[in-house]
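S.K.:
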Amino acid sequence: MIPYGRQDITQADIDAVAEVLRSDFLTQGPAVPRFENALVDYTGAKFALAANSATSALHVACLALGLGPGDWLWTSPLTFVASANCALYCGAKVDFVDVDPRTYNLCPAKLERKLIVAERDGTLPKIVVLVHFAGQPCAIAEFHELGKRYGFRIIEDASHAVGGRYRGEPIGNCRYSDVTVFSFHPVKIVTTAEGGAALTNSKELAERIALFRSHGITRDPAVMTHEPDGPWYYQQVELGYNYRLTDMQAALGLSQMVRLDEYVARRHTLARRYDKSLVELPVVTPWQHPDSYSGLHLYVVRLERTKISKSHRAFFEGLRARGIGVNLHYIPVHTQPYYSKMGFRKGDYPEAERYYEEAITLPLYPTMTEAQQDQVVAALTAELAT
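Numbering (the numbering used here), first residue to last: 494 to 879.
Next comes the structure, spelled out in structure tokens:
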């Protein structure tokens, strides 16, 4: 089975982790800040805070921005559930904005229309989470202008987009946002096994994120309620969480970062081969906005259903039967049973729902060979012919 995604672990990665295993620090040692510094150097953000997952990073970013009961967070329905769940963890409310039919990212025009109504009704969001779907950056500058006009803060959920660029600048520099979140899950661009990070240009937000990441505990006398009892002393000043990354994971991430640009370039080479190979088939290949350079975490095609005799499910299962590990990213969040209980219904976000009825994620990863890619194309062609 050719998987839709696969990590690339080299001997250098293994050696980096082994070095930590032989050291005095397995968890909170020097590898974590070195990894964070590598993220700062790569993106140009002022601060990077590593976490044990992107989900955790989203949660502490929301906490640092003061999201709580009575507040609203808006995001795209076309994402993994974590992009919305982070609001619920804070006791806030969630709403969605439908996607652009070409980029599959949250649509600026639809957001503006919804903001006009929300301003009238007194339900403006405190935070908008922008998802860089499949690695393609959102139109961040447009959202930034809307944020200034309507007073909301911006988190970039760039779980798919490390290594991507917007208007020639690295995703993660937070030029147009308050916080950017990366994921380092094994199928992402680079990996720490499980892991994530929150990046920001705000010293205050960085300090808050660091606090919530580690039990709400501080050893900084300036933050304490009274003078320390001694050099051993710490205080819990917030209700925080144990969301820290280990040194073993950080060492793996640091080793992987050396190959980040190489990985993204290889994904682009494979994507161009897909584009050329599929041009005559009844599928819609991914469109790339000229302002963006995608991280290309995913390569998603949409079936032209009127030109295909079999159902979406039958086509998916047919490819799996041929040894192609296709996937589907994503089931629109508002259709999940948990969200249906909140009152969301099918039909609320039609563009995301149309996408779901047609989308299939094809295999794409840096170590994929051209022969494997040709096998994917052959299977796709055969399924479309039956």
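All C-beta atoms, glycine included, are put in the ideal place defined by N, C-alpha and C. Just so it is clear, the structure is predicted and the values come from calculations on it, not from any experiment.
Taking just the CA atoms, how far does ARG765 sit from SER804?
M.R.: 27 Å
S.K.: Across the segment 602 to 620 and the segment 846 to 857, are there enough close Cβ pairs to call them in contact, namely three or more that are closer than 8 Å?
M.R.: no
S.K.: Could you please give me the residues that DSSP links to THR711 through a beta bridge?
M.R.: GLN728
S.K.: Measure how close the beta-carbons of TYR791 and HIS653 come, nearest whole angstrom, since I'm counting them as under 8 Å.
M.R.: Inspection of the sequence shows that residue 791 is occupied by Leu rather than by Tyr. Confirmed, about 7 Å.
S.K.: Taking the beta strand (DSSP E) that LEU855 belongs to, which residues open and close that run?
M.R.: 852 to 855
S.K.: Using a 10 Å radius around the Cβ and a threshold of 16 neighbouring Cβ atoms, would you call MET835 buried or exposed?
M.R.: exposed
S.K.: When DSSP builds the beta bridges, which residues end up paired with ALA686?
M.R.: DSSP output for ALA686 lists no bridge partner at all.
S.K.: Quick check on THR520: does DSSP put it in helix, strand or coil?
M.R.: coil
S.K.: Would you grab the beta carbon distance between LEU880 and ILE648 for me? Rounded to a whole angstrom, and I think it's under 8 Å.
M.R.: No answer is possible for residue 880: it lies beyond the span of the chain, which begins at 494 and ends at 879.
S.K.: Please name the residue or residues paired with TYR792 in a DSSP beta bridge.
M.R.: LEU855
S.K.: At what residue ranges does the segment 811 to 841 contain a whole run of the alpha helix (DSSP H), taking only runs of 4 or more?
M.R.: 830 to 833
S.K.: Apply the 10 Å Cβ neighbour rule to ARG613 and answer buried if 16 or more other Cβ atoms are within range, or exposed otherwise.
M.R.: exposed
S.K.: When we look at the beta-carbon of ILE682 and count the other beta-carbons within 10 Å, is it buried (16 or more) or exposed?
M.R.: buried
S.K.: Quick one: what's got a C-beta closer than 7 Å to LYS781's C-beta in the same chain, skipping five residues either side?
M.R.: Before going on, a small fix: residue 781 reads as Gln here, not Lys. Excluding positions up to five away in sequence, the list reads GLN629, SER787.
S.K.: Tell me which residues share the same chain as SER546 and place their Cβ nearer than 7 Å to its Cβ, disregarding the 5 neighbours each side in the sequence.
M.R.: Once the five neighbours on either side are set aside, the close Cβ partners of SER546 are GLU687, GLY688, GLY689.
S.K.: Using DSSP bridges, identify the partner residues of TRP621.
M.R.: At residue 621 the sequence reads Val, which differs from the Trp that was named. Partner(s): TRP567, ILE647.
S.K.: What span of residues does the alpha helix (DSSP H) with ALA875 cover, start to end?
M.R.: 863 to 878
S.K.: If you compare alpha carbons, which of PRO663, ASP593, ALA541, ASN578 is closest to SER785?
M.R.: The residue with the shortest Cα to Cα distance from SER785 is PRO663.
S.K.: Which two residues bound the contiguous beta strand (DSSP E) that contains VAL674?
M.R.: Per DSSP, VAL674 belongs to the beta strand (DSSP E) from 672 to 676.
S.K.: Evaluate the contact criterion for the segment 822 to 837 versus the segment 657 to 675: three or more CB pairs, one atom per stretch, below 8 Å.
M.R.: no
S.K.: ALA744 and ALA575 - do their beta-carbons sit closer together than 8 Å?
M.R.: Taking C-beta atoms as the reference points, ALA575 and ALA744 fail to come closer than 8 Å.
S.K.: Rounding to the nearest angstrom, what Cα-Cα distance links LEU608 and ARG642 in this structure?
M.R.: 10 Å
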